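In the working numbering, the protein residues as written are 248 to 406. Every residue, glycine too, gets a C-beta built ideally from N, C-alpha and C. Small disclaimer: the values here were computed from a predicted structure and weren't measured. Here's the structure we're looking at; comments come further down.
Below is the structure:
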């Protein structure tokens, strides 16, 4: 878990690790959720390790009072249900209507979307090197739909 203050902050009796989710989710719940999403997006083993460590910490807290940890439970959903990744490879003027329509009509909270264009390829590859061999088909916007980083054949349409 993460502390709420820096180790060199003013002297306190102890350093709290907030986990209670009230009207505002705790920082640790949000961290668990975001780390899990980043692990799904990047497939980086280090990020997977951080996410799993944070979820283990939260699990120890949640078991005693489920109602007090609603956002933590959302973070756990991504562990229980398979992740889905959509990689969209497009040119700079790409046609994103298919992607926009898909996202607007499908509620899939475990889906992460990665946009790869010629301009952002170096940055995308730093974050998600597994998309290095993903290219446009037929000079059109191309979608790679994956579940737990196992992809179907690329397609030019999500419908």
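query: In its own chain, which residues sit with a C-beta less than 6 Å from the C-beta of residue 305, not counting the 5 before and 5 after it?; result: 279 and 319
query: What's the gap between the Cα of residue 369 and the Cα of residue 363?; result: 9 Å
query: Could you spell out where the alpha helix (DSSP H) holding residue 346 opens and where it closes?; result: 344-352
query: Would you check if the distance between the CB atom of residue 330 and the CB atom of residue 395 is smaller than 8 Å?; result: yes
query: Need the endpoints of the beta strand (DSSP E) that residue 358 sits in, please.; result: 358-363
query: In the DSSP assignment, the alpha helix (DSSP H) including residue 332 goes from what residue to what residue?; result: No alpha helix (DSSP H) holds residue 332; the beta strand (DSSP E) holding it covers 331-336.
query: Have a look at residue 400 and residue 277 and give me their C-alpha separation to the nearest angstrom.; result: 34 Å
query: Is residue 332 closer than 8 Å to residue 287 when the C-beta atoms are compared?; result: yes
query: Tell me whether the beta-carbon of residue 343 lies closer than 8 Å to the beta-carbon of residue 405.; result: no
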